[in-house]
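*Asks:*
In the UniProt record's numbering, the protein residues as written are 1 to 172.
1) Cα separation between residue 31 and residue 159?
2) Tell me which residue opens and which closes the alpha helix (DSSP H) that residue 112 is part of.
3) I want to know whether the segment 55-63 touches the segment 107-125 - three or more CB-CB distances under 8 Å.
4) I'd like to check one pair, residue 120 with residue 174: are the Cβ atoms closer than 7 Å?
5) Within 10 angstroms of its Cβ, does residue 22 collect 16 or more other Cβ (buried), or is it exposed?
6) So, residue 85 versus residue 67, is the Cβ gap smaller than 7 Å?
7) Between residue 156 and residue 130, is the Cβ-Cβ spacing less than 7 Å?
8) For residue 20, count neighbouring C-beta atoms within 10 Å of its own C-beta (all shown protein chains included) and say buried if the count is 16 or more, exposed if not.
9) When you compare each of 101, 62, 70 and 117 to residue 50 by their alpha carbons, which one comes out closest?
Here's what the structure looks like:
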């Protein structure tokens with residue numbers, strides 16, 4: 001976002017500092033403003049991470065429950081079960097993340113959904129590789145492997161959603 005669009009104006013001086021003390025006072029004021037903005041961004045990020053952990057549990061439960069249902073109850077091969085569970089949980093996660101976690105509003109939710117699925121494909125591939133490695137190579141139980149792989153994917157999902165999908169415009 002451009003500075004004019006944000007409502008902020010560039011620093012305009014009626015009086016330029018004429019002494020080191022005036023210069024230092026002005027610099028300190030600017031530093032304090034930036035420090036306050038940074039503190040606000042940190043608080044916002046902490047709040048988002050907390051909401052992600054709480055509300056993300058819903059999509060994790062959907063993912064793990066669907067995987068268990070497909071793999072153990074319906075005897076679907078573990079990678080197919082993982083894909084089906086992923087599709088269900090990503091749709092749930094998109095709406096939770098958009099409306100509750102990041103409180104993001106835009107007039108292009110379909111565009112956001114495409115970016116969301118795109119980033120989730122990356123973490124799905126990571127999870128699928130971890131599942132294959134743990135189940136097929138190291139003979140770990142599929143459910144244990146799923147929990148490990150999904151745990152790593154969840155961390156990646158938060159950062160990708162925050163930095164790519166639901167990022168707020170940067171003020172310049």
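Glycine included, each C-beta is placed from N, C-alpha and C at the ideal position.
*Replies:* The relevant details are as follows:
1) Residue numbering aside, residue 31 sits at position 31 when the chain shown is read from its first letter. Residue numbering aside, residue 159 sits at position 159 when the chain shown is read from its first letter. Their backbone Cα atoms lie some 28 Å apart in a straight line.
2) Along the chain shown, one-based indexing puts residue 112 at 112. 109-132 is the span of the alpha helix (DSSP H), which, as asked, contains residue 112.
3) Judged by Cβ distances under 8 Å, the segment 55-63 makes no contact with the segment 107-125, as fewer than three pairs qualify.
4) Residue 174 is absent from the structure shown; the chain starts at 1 and stops at 172.
5) Here residue 22 corresponds to residue number 22 of the chain shown, with the count starting at 1. Exposed.
6) By 1-based counting over the chain shown, the position of residue 85 is 85. By 1-based counting over the chain shown, the position of residue 67 is 67. Taking a C-beta distance under 7 Å as the contact criterion, residue 85 and residue 67 qualify as a contact pair.
7) The count along the chain shown starts at 1 and reaches residue 156 at position 156. The count along the chain shown starts at 1 and reaches residue 130 at position 130. For residue 156 and residue 130, no; Cβs fall outside 7 Å.
8) Within the chain shown, residue 20 is the residue found at index 20, counting from 1. Counting Cβ neighbours within 10 Å, residue 20 comes out exposed, since fewer than 16 surround it.
9) On the chain shown, position 50 is the one that residue 50 refers to. Nearest C-alpha to residue 50: 101.
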